[in-house]
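All the letters of the sequence shown, read from the start, carry residue numbers 1 to 405 under UniProt numbering.
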Amino acid sequence: METMEKVVYLDNAATTACAPEVLAVMTQALSGACGNPSSHYSVGYEAKEFVDTGRAQVAKAINASPAEIFFTGCGSEADNWAVKGTAFTKARQNKKHLITSAFEHHAIMHSMAALERMGFEVTYIKPTPEGYIRPEDVEAAIRPDTALVSIMMANNEIGTIQPIKEIAEIAHKHGVWMHTDAVQAVGTIPVDVKELGVDMLSMSAHKFNGPKGMGALYCRKGIWPQNLIDGGSQEARHRAGTENVAGIAGMGKALEMAVAHLDERMAHEKELRDYVIDRVLKNIPEARLNGGLEHRLPGNANISFPGLEGETILLDLDMHNICASTGSACNSDSLDPSHVLLSIGVPEEIGHGSMRFTFGPQNTMEEAKYLCDVLEEVIPRRRAMSCMWLQGQNTARQFSLKGEN
């Protein structure tokens, strides 16, 4: 089998390339709008116009008001602000209990852990084996002193989409603020903050062909988590620091483009995803899809290959010019099995052999077929050399395609 000459990039959940139109508007902002957006003269006003346009574009894409969009340095900062800022605000009302899920992104998990060290209490809702948070489990966890419910809109590793609207309704019924980490969702599936009913929502530009180092937090009017960054009066006095003018301009343009072609993009990515899942599960023994298919990001395929280490598969794929991942890029230096997979009941030894393939609008059916060709050659060859596979086939068979343990 010949190696494809071009790089086949199948790690779009980790990051995406800047679109040419995004680079163009960022270049314009960097080369022309040299003033400080807070300055009261012409070149300052020119920079402010880029900021105002970007804010309006982001707001329109999620059906919010521009005054409800606050720019941050990344999605992780937006998550930290929503979680910690709410905790500090509500602690003044003696509400020091927070609810989240057991398979959130580390920006949420580590923020919650930091708050626990400060004396806050956190309840971690366990997802179902298919990778969904049940609204009734959230309601059962709410207490009189609950300050916040934070549940991600779509899981970054297994791609399952959560019932955020139902969870938000439950939170509000009990007078609790609702936040969702929508970093994997915004620009990938329809996101309407009015329909969802959330109080806060985090997003990140580099997930939808915008620049890295650029995020935003939506805060519904009247919801004010305590500031994390104090200083000047930028972002309506809620997030100090001179604005990243080019980053904001790029984020706005990228999101405007993403939502303009969303239906077409979703259909294309789903076609590639389903082809890979169907073919791999049919042709590679004991391969298992992680997470349910019914409510899933259109471009996400997370598959376990028992008997192998994900890092080994990753290196083999790289030798064939295929870029994929074993899970979250934010945890790529860790040898621990994915906390997401463990939370849905995947055994540790099988979790180690899981791969995440995430498709974007630039990927083709030719690339999807090439991935399957490579996997069908690599997996059997590596298993033939794997003591772990020979010793662990019984475990793999017990943990079947149906997810039976």
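The beta carbon of each residue, even a glycine, is placed where N, CA and C say it ideally should be.
Please read these numbers as outputs of a predicted model, since none were measured by experiment.
Buried versus exposed, by CB contacts within 10 Å (16 or more), R237: exposed
Nearest neighbour of H105, chosen from Y124, N283 and I62 [CA to CA]: Y124
Cβ-Cβ separation, D181 to M152 (assumed contact under 8 Å), whole Å: 4 Å
Run of the alpha helix (DSSP H) containing Y41, from where it starts to where it stops: From DSSP, Y41 is part of no alpha helix (DSSP H); its letter is neither H nor E.
Minimum length 3: unbroken beta strand (DSSP E) runs contained in the segment 308 to 396: 354 to 358
Given 8 Å, three or more beta-carbon pairs between the segment 340 to 353 and the segment 288 to 295: yes
Contact check, I277 vs S354, beta carbons under 8 Å: no
Contacts around T16, its chain only, beta-carbon distance under 7 Å, and the 5 residues preceding and following it disregarded: H206, K207, F208, N209 and G360
Within 8 Å, strictly: CB atoms of I167 and D199: Cβ distance not < 8 Å, so I167 and D199 don't count as in contact.
Secondary structure of H97, DSSP reduced to three states: strand
Per-residue DSSP class, three states only, for N405: Legend: pLDDT at N405 = 42, less than 50; position of this residue unreliable, no value from coordinates given.
Counterpart residues of L201 in DSSP-defined beta bridges: T180 and Y218
At least 3 beta-carbon pairs within less than 8 Å: the segment 89 to 103 vs the segment 67 to 79: The segment 89 to 103, when compared against the segment 67 to 79, does not touch it at the 8 Å Cβ threshold.
Rounded straight-line distance, which links the Cα of F120 to that of K253: 39 Å
Beta-bridge partners of N300, as assigned by DSSP: T358
Cβ-Cβ distance between M112 and L98 below 8 Å: yes
Range of the contiguous alpha helix (DSSP H) that encloses T27: P20 to S31
Presumed contact (8 Å Cβ cut-off) between V22 and G187, rounded CB distance: V22 to G187, Cβ: 12 Å. No contact.
Status (buried if at least 16 other CB within 10 Å, exposed otherwise) for G231: exposed
Straight-line Cα distance separating A56 from N36: 19 Å
Candidates Y41, I164, F71 and D52: closest to H295 by CA position: I164
Alpha carbon of residue 407 to alpha carbon of Y218, nearest angstrom: The structure shown does not extend to residue 407, since the chain is modelled only from 1 through 405, so no value can be given for it.
Sheet register partners of L281 (DSSP bridge): Residue pairing by DSSP leaves L281 without any beta bridge partner.
Q184 classed as buried or exposed, judged by whether at least 16 other C-beta atoms fall within 10 angstroms: buried
Distance CB(K95)-CB(D145) smaller than 8 Å: yes
Collapsed DSSP secondary structure at D192 in the structure displayed: coil
Per-residue DSSP class, three states only, for Y132: coil
When L371, V378 and T358 are compared against D316, the one with the closest alpha-carbon: For D316, the closest C-alpha among the options L371, V378 and T358 is that of V378.
Minimum Cβ-Cβ distance from G299 to chain C less than 8 Å: Checking the listed chains, one finds no chain C in this structure; it contains a single protein chain.
Same chain only: Cβ atoms within 6 Å of V122, ignoring 5 sequence neighbours per side: L98, M112 and E116
Residues of its chain near K194, where Cβ-Cβ distance is below 7 Å and the 5 sequence neighbours each way are ignored: N63
Contact the segment 263 to 281 vs the segment 80 to 95: 3+ CB pairs below 8 Å: no
Cross-strand partners of D11 (DSSP beta bridge): T358
Per-residue burial, S39 [other beta carbons within 10 Å of its own, 16 or more giving buried]: exposed
Contacting residues, own chain, Cβ-Cβ under 7 Å from E68 (five flanking each side not counted): A59, Y218, C219, R220 and K221
Close-in-space but distant-in-sequence residues of the same chain around N300 (CB under 6 Å, 5 per side omitted): Leaving aside the five residues that flank N300 on each side, the residues in its chain whose CB is nearer than 6 Å to its CB run, in chain order, G159 and T358.
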